[in-house]
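Protein chains in written order, with my numbering: chain A, 1 to 431; chain B, 1 to 431.
In this text, a Cβ means the ideal position worked out from N, Cα and C, and glycines have one as well.
Quick notes on the structure that follows.
Protein chains: 2
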Amino acid sequence: MTTDNELFDPILDTRFKGYPRTQPPKRRSEIGQAGWHVLAGDLPLPLAVLKREALEHNLAWMQARVRQWGIDLAPHGKTTMSPQLFRRQLDAGAWGLTFATVTQLAVGVAAGARRTLIANQVVSDEDLAGIQLLLHAHMDLRVVFLVDSLAQLGLIEAWAERHHESLPLEVMLEIGVEGGRTGCRTQEEAVTLATALRQSKAVRLVGIECYEGLAATGESGADTAYANALMDRVEAVARHCDTHGLFEGDEVIVSAGGSAIFDLVAGRLKPALKAGVRGVLRSGCYVTHDHGFYKRMLSAVDQRLGCDCGESLRPAMEVWATVQSRPEPGLAILAVGKRDISFDLSLPVPIARAARGSLVPEGVPADWKITGLNDQHAYLRWDDAASPQAPAVGDRIGLGISHPCTTFDKWHWMPVVEEDYRVSDAVSMHF
Amino acid sequence: MTTDNELFDPILDTRFKGYPRTQPPKRRSEIGQAGWHVLAGDLPLPLAVLKREALEHNLAWMQARVRQWGIDLAPHGKTTMSPQLFRRQLDAGAWGLTFATVTQLAVGVAAGARRTLIANQVVSDEDLAGIQLLLHAHMDLRVVFLVDSLAQLGLIEAWAERHHESLPLEVMLEIGVEGGRTGCRTQEEAVTLATALRQSKAVRLVGIECYEGLAATGESGADTAYANALMDRVEAVARHCDTHGLFEGDEVIVSAGGSAIFDLVAGRLKPALKAGVRGVLRSGCYVTHDHGFYKRMLSAVDQRLGCDCGESLRPAMEVWATVQSRPEPGLAILAVGKRDISFDLSLPVPIARAARGSLVPEGVPADWKITGLNDQHAYLRWDDAASPQAPAVGDRIGLGISHPCTTFDKWHWMPVVEEDYRVSDAVSMHF
C-alpha cells in the first residue's frame, strides 16, 4: 500500500506532465525551493498552475462564511483529490471532508480526514466492506453515507447479516427532486424509509441531506425559489424524524451544498429540532473557483451576500499553453487540449499572454476566445485578423477554466505559484 | 526517474480506482494470476476493462490492413499511453509509434519505441531540449516532428544556434486545410517552407504529413472527396519537393491517418516519387475501437473495404458500474461519471447487465439509454416505466464507450478480461 508519506510527498519526475525535463526527480515538498519560474520556461507547457494567494484567500473566505452562518464545512474532496489541499482545508477549520466513492474516501482518510461524508448511495458488497476496513483501521473515523431506498437498505442489511463483526454504518436520508438525480421524491417515501432505517440494526440514521447544485441557473429569483422549496421539504422530513425519534446519535447532521448556490441553502441547515443540529455545507469547487461556470454563479451569490463579506472567491487555477501554429488569419492553435483542461461546462477562456521570452504576462484583447478543443489542441480565434496584438508562434497563453473538478483530474501534480509566477510550492492529485 | 520496470510493471494498490480493497499491493504482471472475476465482485466498480480477444483481434486486423496496403503503422500512442499496449503494438509489427507531446514521447521511448513521430509542431525551447535529451540518451532513436511555418522554423533555428552540440532534428512538412487545424494552407506556402527547411542547418526535411480525421462525417461520398482532395495536395507538394531535391535522407515519409477514415488515405501514402517512400499510417483508436463514434465511422469503412478483410474492428473496452438508485419510474442512477468514462463525442451506451450476484451478463433492452453524466453519476433511462426488465439497485451495468482516448486517460490501470470476465492480465496507463 502507498504509504502516507508517498501520498503527501510523492517523488515527481519527468514522466509526469509539466515536470522539467532537465531536472532530477524531486519530492513534491522540495519543488518550492527549486527556484523555478513558469514563464521562464523552467517547466514544459501545457501546465496547470495554482495561485497561492487566491487559494489561501478562498480557503479563508469560505471558512469565514460558514462560521458566520453558524454551520460547518465538509468540502467535497472529489474536486481536487489532493492530499495537500485536503490538509489545507482541514487546517483552515473544515469540520470534515466529503467524498463521492469509497476509493476517494480511502485517500482522504490517509490524508488525515476523520469526519467524512460519502455524498452517494453505497450499495455494493465491495464498497460496504471497504468502509468497514477503514472503520476497523481507524477507531476515530466517522463515515456517513446516503440512503434513498428500501432496496438499498435491503442490500446493506443482507451484507450485515453475513458480516456479524461489522461496525454499525452511519447514514443520512437523502431528499431528492422529481426529475433530478438521487434522493426520495416524496415525504411519504422519505418517512417510510426513515422508519425502516430506525428499525434496522445494520445502520444508524444520523442525518438528512440534499444536493441543490444541479438545478442552479445563476438567476436569483428562480434559484432562491428552488432552494427554498427543496429545503422546506428537507426540514419537514427532519421535523417528522425528530418528532418520531427516528434519528440516532447525539446530534442530527443536516447537509446540503454544491458550489453554485450554496448561500441559498446555508441558512437552512440549522432547522429548529429537539435534537442538536450540525449544519454541514459540502461545497468543493470554492478552493480554486474558476473563470467560467462558477464565476457566473458567484456573481449572483455576491449580489445576494452584499458587500459585508468582502471580496469573494478568486479564480486560483490557470492552464498555460504554447501557440504552436498560426495557420490562417484570426486563428492560433495552442498545444493544450481535452487531456489538460475542462471542457464539460464551458470552454476555457484566454486571460493572459506572455510573449516568448517575457516573464511578465499581459492582458488579452476582449475578442480572443477558445472556440474548440481536440484531445491535444485548442483553437484560439479573434475577430480582427489584422490586429497587431495577434498571438505569435511561441507565445504563451494563460487560460482560465470552467469547472475545477474536470481540470484537476487531468494532472498528477500542479505547481503553486506566486503572483509573479515563481513556483513556491506544489500539490499532487490522486484520482 | 521512474525506472522502466516501474513503468512496465508498476505496483498497484487500493488507492488506484478499481483495485480490490481487500487485496495486498501487487505488481501489474501478477494480477492475471490472482483469480479475480469482474462480475464476482472481486474488484470495486466503476471499472474500465479491456477484452483480451477483441484487443488481440484489433491489433492483428490493423496490422494485416497496412501490410495489404503496403504501408507501415505508427499508431498514435496518445490514445492509450499504456506502455504494455505500446509493446503489444510494436510486437504486432508496428513500424513505430506516434505521440502528441514530448512528455508522451519520453514514456514511449522508455517503453521501447525507437522510430517515433510527434504529430505536432514542436516550438518551445523546453520541448526542443527534451527531444535532444532523448536523442542523446538513445543513439538508435529517431524522432520526427511537424513543421508548418517559417515562424516555427525561426524558433528552432534560434534554439539550435544556442546549442551547437545539438543533433539535427528530423521534420515533416504538414499540409493543412482551410478552416482546419494546423498545417500549410496553400501549395505556395508549403513549397516556400520546404525550401527554407532544406536550407536550414537545424533541421532535415524527411517527409510530408497531413491529418484527415477531423473532417470525417461517416458519409462515404463526402469523406472520399475530402480525403482525395487533401491527399492530392500532399502529393503535389511531395512531387515538388522530390523534383527539387528538398527532401533529405534515404526515404521520404508520407504520413496521414486518424481512426475514422484511415482507409481513404492509406492508398495514397505511397506516391510515385524518385526517392523511396515509406507510407506511415498513424491510427490510434483501433486498439480498443468503441461502441460509439468510431463504431459509426467504421461501418462506412467496412462497406468500402468489402468482405475481403474479414470481421473488422471489435469494441474492446467496457466500463462497468453499479445501479445506486432507482429514484423514479424510468430512471436509474449509476455510480459512474465524467471521472470514469468518455463523454466528449457522444454519451456511453448500455450494452449489458449482470444482476446482483450473477456472473453472466445479459443483453439490455433497446430502449435503455444514458441521457447524461455528472462528475460521478450517470443517468440511465428507459421508455417503458413498467418494464419487468428495469434495472434494480445493486445491478451491474456494462457501458460501451465513444472515443477511447478520453476513457483511457481517466484510469491508471485496467484489467484485461476473458470473454467470461475473468481477469487474465492488466495494463497501466501513464498520462
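What's the gap between the Cα of residue i and the Cα of residue j?
i: A137 (chain A); j: T116 (chain A); result: 15 Å
i: R233 (chain B); j: K270 (chain B); result: 14 Å
i: L85 (chain B); j: E318 (chain B); result: 17 Å
i: Q89 (chain A); j: T182 (chain B); result: 43 Å
i: I31 (chain B); j: G398 (chain B); result: 22 Å
i: G213 (chain B); j: Y226 (chain B); result: 10 Å
i: D140 (chain A); j: L298 (chain A); result: 36 Å
i: G276 (chain B); j: V254 (chain B); result: 10 Å
i: L135 (chain B); j: L167 (chain B); result: 8 Å
i: P391 (chain B); j: L43 (chain B); result: 21 Å
i: E251 (chain A); j: T103 (chain A); result: 27 Å
i: E418 (chain B); j: V49 (chain B); result: 10 Å
i: V265 (chain A); j: L380 (chain B); result: 28 Å
i: E235 (chain B); j: K338 (chain B); result: 42 Å
i: A106 (chain B); j: T79 (chain B); result: 15 Å
i: V416 (chain A); j: E188 (chain B); result: 46 Å
i: M1 (chain B); j: P404 (chain A); result: Residue placement at M1 (chain B) cannot be trusted, given a pLDDT of 43 that sits under 50; the coordinates are not used to answer.
i: K499 (chain A); j: G372 (chain A); result: Examination of residue 499 (chain A) is not possible in this model, given that chain A is present from 1 through 431 alone.
Is there a C-beta anywhere in chain A that falls below 7 Å from the one on residue i?
i: Q389 (chain B); result: no
i: T182 (chain B); result: yes
i: S124 (chain B); result: yes
i: K201 (chain B); result: no
i: R233 (chain B); result: no
i: M1 (chain B); result: Per-residue confidence for M1 (chain B) stands at a pLDDT of 43, beneath the threshold of 50, marking its modelled position as unreliable; no derived number is given.
i: V427 (chain B); result: no
i: T103 (chain B); result: yes
Using a beta-carbon distance below 7 Å, is residue i in contact with chain B?
i: T192 (chain A); result: no
i: S346 (chain A); result: no
i: T217 (chain A); result: no
i: I333 (chain A); result: yes
i: S166 (chain A); result: no
i: S149 (chain A); result: yes
i: L117 (chain A); result: no
i: V107 (chain A); result: yes
i: F99 (chain A); result: no
i: S325 (chain A); result: yes
i: K26 (chain A); result: no
i: K17 (chain A); result: yes
i: V38 (chain A); result: no
i: Q376 (chain A); result: yes
i: P404 (chain A); result: no
Considering only their Cβ atoms, is the gap separating residue j from residue i smaller than 7 Å?
i: V144 (chain A); j: V206 (chain A); result: yes
i: A160 (chain B); j: A194 (chain B); result: no
i: A316 (chain A); j: L55 (chain A); result: yes
i: R21 (chain A); j: A426 (chain A); result: no
i: E328 (chain A); j: R185 (chain B); result: yes
i: T98 (chain A); j: A113 (chain A); result: no
i: A355 (chain A); j: L45 (chain A); result: no
i: N58 (chain B); j: Y286 (chain B); result: yes
i: E157 (chain B); j: R204 (chain B); result: no
i: A260 (chain B); j: A216 (chain B); result: yes
i: Q324 (chain B); j: V123 (chain A); result: yes
i: A256 (chain B); j: C210 (chain B); result: yes
i: A151 (chain A); j: V336 (chain B); result: no
Using DSSP's beta-bridge definition, name the partner residues of residue i.
i: E178 (chain A); result: Answer is none; E178 (chain A) lacks a bridge partner.
i: R353 (chain A); result: A:E362 and A:I397
i: S446 (chain A); result: What the structure shows of chain A is the stretch from 1 to 431, and residue 446 (chain A) is not part of that stretch, so it cannot be assessed.
i: H76 (chain B); result: B:T98
i: A321 (chain A); result: A:I397
i: V144 (chain A); result: A:L117 and A:E170
i: L331 (chain A); result: A:E328 and A:R381
i: G70 (chain A); result: According to DSSP, which records beta bridges pairwise, G70 (chain A) is partnered with nothing at all.
i: V423 (chain B); result: B:V417
> Where in the region 378-419 of chain A do unbroken runs of the alpha helix (DSSP H), each at least 4 residues long, occur, reported from the N-terminal end onward?
Replying inline: 405-408
>> To test your reading of the DSSP string, which unbroken beta strand (DSSP E) runs of 3 or more residues are found completely within the region 260-319 of chain B?
In response: Taking only runs of at least 3 residues, the beta strand (DSSP E) segments lying wholly in the region 260-319 of chain B are 276-281.
> If you scan the region 28-56 of chain B from start to end, which runs of the beta strand (DSSP E) of 3 or more residues do you find wholly inside it?
Replying inline: For the beta strand (DSSP E) assignment, the uninterrupted runs of no fewer than 3 residues enclosed by the region 28-56 of chain B are, from N- to C-terminal side, 47-51.
> Enumerated in chain order, which unbroken segments of the alpha helix (DSSP H) with a length of 4 residues or greater are wholly contained in the region 83-140 of chain A?
Replying inline: List check, alpha helix (DSSP H) in window: 83-91, 102-110 and 125-137.
> Fully enclosed by the region 201-257 of chain A, which alpha helix (DSSP H) runs are 4 residues long or longer?
Replying inline: 220-243
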